[in-house]
Every structure is written in structure tokens, then in C-alpha cells.
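Colleague:
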Amino acid sequence: MAEAILRSARGFGKGGNDMALQIGSELTCSMGVTSIDASILWYERVLQCKLLYRADAIGWCELATPMTGVNIGLSQVEAVTQGGGATNVFEVADIEAAKAHLDGEGVRQDGDIQHIPGLVKLLTFYDPDGNAFMFSQSEMAT
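Note that our numbering numbers the sequence shown so that position 29 is 29, with each residue one more than the last.
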């Protein structure tokens with residue numbers, strides 16, 4: 001009897017998953033920028049994003065990335081704090097071509113493509129406010 005009470009209290013047993021966390025199919029990566037106008041243009045040009053909406057009253061906009069269900073939210077701030085936080089990593093089919101695209105756009109990068117044989121190739125780059133991103137190209141067998 002005591003075990004049944006414990007299982008019920010912990011959410012195990014009949015109906016115990018009724019309140020389970022259910023994460024949806026959309027992810028918004030939020031970051032601060034010093035100019036929404038300039039940043040929208042940069043994200044559209046460099047990462048091929050499309051503006052979904054803009055709410056100037058609260059200094060916010062959201063852009064759809066080429067990856068279904070993944071959006072980028074930009075929040076207007078006076079100064080962008082550097083360091084810490086998450087780095088958004090986008091998979092690309094050809095990291096050398098992606099690097100050439102960034103080079104052509106004059107995008108600041110953190111060195112050359114990092115290569116971990118048999119695992120992945122990585123390239124770190126930054127938006128105009130110093131927010132870090134990475135491109136990855138997997139070498140793992142699927």
C-alpha cells in the first residue's frame with residue numbers, strides 16, 4: 001500500500017502522466033541586439049532568415065530560419081553583454097561553401113574550420129553585436 005501511495009505521489013501509475021511536460025515543435029533562440037533595423041537586414045542576408053513580425057513598442061522581432069520550427073528572436077538593448085549563454089549551431093551540407101558565404105559577407109569568424117575527424121567540422125562566427133553562432137557539418141555515419 002505504501003508503495004502505491006509513493007508511486008502515485010511521484011506521478012507514476014494510472015493517469016500519472018496527465019501533467020507531463022509537453023514541448024512543442026517550435027524553438028525561438030532569443031538574443032539582444034543594439035539595432036533591430038541593422039540586425040534584421042544582417043540575419044536576412046547572412047543567415048537567409050525571413051521576418052515573421054516586428055513589435056516596435058517592445059523592441060522585439062522574430063525571424064524564421066531556414067530550419068523548420070526554429071526562429072530567432074531579437075530584442076533591442078542598449079548594450080549586448082558578451083560571454084556566457086548558448087551558442088546556436090546550424091547544420092550545413094557544405095561547411096566550406098558556408099565559410100565562403102560568410103567571407104563574402106565580411107562576417108567575423110573565430111579562426112578556421114575546426115575538424116574533428118570522423119565526427120564533425122565546426123565554424124564559429126558572430127553577428128554584428130558579437131552574438132556567437134556556429135555552422136556544423138557532421139561526418140558521423142547515419
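Backbone N, C-alpha and C fix where the C-beta goes; we use that ideal spot for every residue, glycine too.
Kindly indicate which residue of 96, 105, 72 has the alpha-carbon position closest to the one of residue 131.
Modeller: Nearest C-alpha to residue 131: 72.
Colleague: For residue 138, which residues from the same chain have a beta carbon less than 6 Å from its beta carbon, with the 5 sequence-adjacent residues on both sides left out?
Modeller: 120, listed in sequence order.
Colleague: Just to confirm my understanding: we take residue 43, look at its own chain, exclude 5 residues before and 5 after, and list those with CB closer than 8 Å. What are they?
Modeller: Result list for residue 43: 49, 63, 72, 74, 127, in chain order.
Colleague: Pull up the CB-CB distance for residue 61 and residue 95, whole angstroms please, since I reckon it's below 8 Å.
Modeller: No, residue 61 and residue 95 are not in contact; Cβ-Cβ is about 28 Å, not under 8 Å.
Colleague: Is residue 73 helix, strand or coil when you go by DSSP?
Modeller: The answer is strand: DSSP assigns residue 73 an E or B state.
Colleague: According to DSSP, is residue 108 helix, strand or coil?
Modeller: If DSSP states are grouped into helix, strand and coil, residue 108 belongs with coil.
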